[in-house]
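Participant: Mind having a look at this structure? Questions to follow.
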Amino acid sequence: MNTWKAVRTCLITAAAASLLLSACASAASSATGNQKSALPETYSETDAGEGDSFGTAMADSAAEQTGNASEAQGIPNGGDPAALQQRKLIKTVNLSLETKRFDSLVSEIQTRTKEKNGYVEHYWMSGNSIRNPEESYDIDSHSRSASLTVRIPSVQLDAFLNEISASANVTSRSESVEDVTLQYSDIESHKKALNLERDRLWELIQQADSMDAVIALQTRIGEIEYQLNSYESQLRLYDNQVSYSTVSIDITEVGNYSPAREDSVAARIRLGFSSNLSRMGTLLQDLFVGIIIRIPFLIPIFVLVLLLILLVKLVSRKQSALQPPSNPNKDTPDHGQKPPKIG
């Protein structure tokens with residue numbers, strides 16, 4: 000009997016150490032995919048003997064007591080009243096901006112993000128600067144555009160959006176809110192139930208009188224630890240999404256801001272006419288400056304064309320000199336007729 004107690008003590012110690020190590024290792028990994036159900040699974044029947052039947056019965060007893068405890072707390076279907084009092088909202092905002100100060104605006108967004116204790120999750124930029132003297136007057140050149148995804152603490156979201164909107168021309172804005180309160184409280188309820196079951200299984204291990212019973216209980220405890228780690232990872236993901244709102248910002252560099260849309264016919268005509276005049280003026284300026292800056296390439300072309308014209312004229316003159324002159328006063332035959340005599 001003393002020998003069995005010593006073996007059982009060693010097994011319990013080894014099981015606790017292995018479960019602790021597995022919990023630490025799995026806590027570092029993130030939860031992906033659908034998680035297992037928090038309710039205890041039914042053990043398959045084996046021919047391990049009375050010891051295995053005893054372990055299975057004790058596991059079923061622990062699961063039954065866990066379910067009763069959950070019902071006693073008044074948590075039907077994972078609805079925790081305490082968690083429902085505080086809503087878990089995931090906010091997402093999309094902004095489209097126009098700016099004449101591209102570099103300054105991008106720098107300001109990054110600075111405002113740091114001031115609000117947020118961080119830039121993604122940044123992308125493309126295009127040529129319209130301020131570049133080598134590219135600005137090229138008709139085929141394109142202005143710069145950028146895309147940023149920033150994470151801002153939810154309590155600072157409104158202040159951040161107001162500051163950024165005041166620094167640029169907002170062409171579009173959309174906001175969405177996802178309520179994950181029920182999912183969050185459901186996971187917390189599963190965690191509580193699993194913790195109760197795990198504590199009860201540890202108590203039953205102390206009472207086990209066979210090796211098979213200890214192994215069966217340890218297997219179930221390992222499954223519970225895996226599920227608990229998965230639920231904790233999912234809760235941490237929800238906490239991050241709720242605490243930090245996601246703001247997606249698209250920036251376009253422009254020479255003139257897009258005017259506000261007006262519905263009246265006169266306003267639409269006026270805005271369209273002024274917009275076309277502005278574009279025509281810009282086109283003429285770009286064309287004039289484009290010709291001026293391409294003079295080094297145009298001079299050799301002009302010289303070649305001039306030489307070609309002179310060469311054509313010279314060849315034409317030589318050909319004219321080689322041809323015999325025609326006599327327009329050539330005598331015509333009189334066919335034997337004599338001129339009449341006078342007086």
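Counted from 1, the sequence shown has number 204 at position 205 by numbering that gives the first Met the number 0; the numbering is strictly sequential. From the three backbone atoms N, C-alpha and C, an ideal C-beta is built for every residue, glycine too. Values in this document were obtained by computation on a predicted structure and should not be read as measured data.
(1) Could you spell out where the alpha helix (DSSP H) holding Ala215 opens and where it closes?
(2) State the beta-bridge partners of Ala145 as determined by DSSP.
(3) Suppose the cutoff is 8 angstroms on Cβ atoms and the five residues either side in sequence are ignored; what does the same chain contact list for Ser173 look like?
(4) With DSSP collapsed to three states, give me the class of Ser29.
(5) Opposite Ile151 in the DSSP bridges: which residues?
(6) Might you give, ordered along the chain, the residues of its own chain that have their beta carbon closer than 7 angstroms to the beta carbon of Gln240, omitting 5 neighbours on each side?
(7) Taking Cβ to Cβ, would you say Ile163 is nearer than 8 angstroms to Ile250?
(8) Considering only the alpha carbon of each residue, which of Leu270, Asp285, Gly221 and Leu234 lies closest to Asp185?
(9) Helix, strand or coil: which one does DSSP assign to Ser257?
(10) Can you give me the start and stop residues for the beta strand (DSSP E) that Ser171 sits inside?
(11) What did DSSP end up calling Lys312 once you bin it into helix, strand or coil?
(12) Considering only the alpha carbon of each residue, which of Thr110, Gly221 and Ser277 lies closest to Gly360?
(13) Spell out a yes or no on whether the segment 102-120 and the segment 146-155 are touching, meaning 3 or more CB-CB pairs, one atom from each, closer than 8 angstroms.
(14) Spatial neighbours of Ser242 within its chain, please: CB distance less than 8 angstroms, with the 5 preceding and 5 following residues excluded, ordered by chain position.
(15) Where Asn275 and Arg269 are concerned, what is the direct C-alpha to C-alpha distance, given to the nearest angstrom?
(16) Kindly indicate which three-state DSSP category Asn93 falls into: helix, strand or coil?
(17) If you compare alpha carbons, which of Glu252, Leu310 and Tyr230 is closest to Thr170?
(18) Could you check if Val176 is buried or exposed, using at least 16 other CB atoms within 10 Å of its CB as the buried criterion?
(19) If you measure between the beta carbons of Tyr183 and Lys87, is that distance less than 8 angstroms?
(20) Counting along the chain, where does the alpha helix (DSSP H) carrying Lys113 start and finish?
(21) Between the alpha carbons of Ser125 and Val246, how many angstroms are there, rounded?
(22) For Ala265 and Leu282, what's the separation of their Cα atoms in angstroms?
(23) Which same chain residues, not among the five before or five after Ile290, have their C-beta less than 8 angstroms away from its C-beta?
(24) Give every residue of the same chain whose Cβ lies closer than 8 angstroms to the Cβ of Asp157, excluding the five residues on either side of it in the sequence, and list them in chain order.
(25) Val311: buried (16+ other C-beta within 10 angstroms of its C-beta) or exposed?
(26) Buried or exposed for Leu160, please, with buried defined as at least 16 other CB atoms from any protein chain shown within 10 angstroms of its CB.
(27) Under a Cβ-count criterion, where at least 16 other Cβ atoms within 10 Å of its own Cβ denotes burial, should Gln205 be classed as buried or exposed?
Facilitator: A quick look at the data gives this:
(1) Start at 1 with the first residue of the sequence shown, and residue 215 comes out as number 216. Unbroken alpha helix (DSSP H) run through Ala215: Met210 to Ser242.
(2) Looking up residue 145 in the sequence shown gives position 146. Met124 and Ile250, per the DSSP bridge assignment.
(3) To locate residue 173, count along the sequence shown from 1; it is residue 174. The answer, listed in chain order, is Val92 and Asn93.
(4) Locating residue 29 in the sequence shown gives position 30, where the first residue counts as 1. Confidence at Ser29 is low in this model, with a pLDDT of 42, below 50, so the placement of that residue is unreliable and no value is reported for it.
(5) Position 152 of the sequence shown holds residue 151. According to DSSP, which records beta bridges pairwise, Ile151 is partnered with Ser244.
(6) Taking the first residue of the sequence shown as position 1, residue 240 is located at position 241. Around Gln240: Ile89.
(7) Position 164 of the sequence shown, counted from the start, is the residue given in the question as residue 163. Position 251 of the sequence shown, counted from the start, is the residue given in the question as residue 250. Going by C-beta atoms, Ile163 is not nearer than 8 angstroms to Ile250.
(8) If you number the sequence shown from 1, residue 185 lands on position 186. If we check each option's Cα against that of Asp185, Leu234 comes out closest.
(9) In the sequence shown, the residue the question calls residue 257 occupies position 258. Coil, per DSSP.
(10) For the purposes of this step, residue 171 is taken as the residue at position 172 of the sequence shown. Asn168 to Asp178 is the span of the beta strand (DSSP E), which, as asked, contains Ser171.
(11) Looking up residue 312 in the sequence shown gives position 313. Three-state DSSP puts Lys312 in a helix.
(12) With the chain covering only 0 through 342, there is no way to say anything about residue 360.
(13) yes
(14) As a first step, residue 242 is located in the sequence shown; it is residue number 243 there, counting from the start. Only Pro152 and Ser153 meet the Cβ criterion.
(15) As a working mapping, residue 275 is identified with position 276 in the sequence shown. As a working mapping, residue 269 is identified with position 270 in the sequence shown. Going from the Cα of Asn275 to the Cα of Arg269 covers about 10 angstroms.
(16) Here residue 93 is taken as the residue at index 94 of the sequence shown, counted from 1. Strand.
(17) Along the sequence shown, one-based indexing puts residue 170 at 171. It is Glu252.
(18) For the purposes of this step, residue 176 is taken as the residue at position 177 of the sequence shown. Val176 should be labelled exposed.
(19) By 1-based counting over the sequence shown, the position of residue 183 is 184. By 1-based counting over the sequence shown, the position of residue 87 is 88. In this structure, Lys87 lies closer than 8 angstroms to Tyr183 by Cβ.
(20) Sequence index remark: in the sequence shown, residue 113 carries index 114 (1-based). Its alpha helix (DSSP H) spans residues Phe101 to Glu114.
(21) Stepping through the sequence shown from its first residue, residue 125 is reached at position 126. Stepping through the sequence shown from its first residue, residue 246 is reached at position 247. Those two C-alpha atoms are separated by around 20 angstroms.
(22) The sequence position of residue 265 within the sequence shown is 266, counting from 1. The sequence position of residue 282 within the sequence shown is 283, counting from 1. Distance between the alpha carbons of Ala265 and Leu282 is about 25 angstroms.
(23) Position 291 of the sequence shown holds residue 290. So the list reads Leu297, once near-sequence residues are dropped.
(24) Position 158 of the sequence shown, counted from the first residue, corresponds to residue 157. Hits under 8 angstroms: none found.
(25) The sequence position of residue 311 within the sequence shown is 312, counting from 1. Label assigned to Val311: exposed.
(26) Counted from its first residue, the sequence shown places residue 160 at position 161. Counting Cβ neighbours within 10 Å, Leu160 comes out buried, since at least 16 surround it.
(27) Within the sequence shown, residue 205 is the residue found at index 206, counting from 1. Label assigned to Gln205: exposed.
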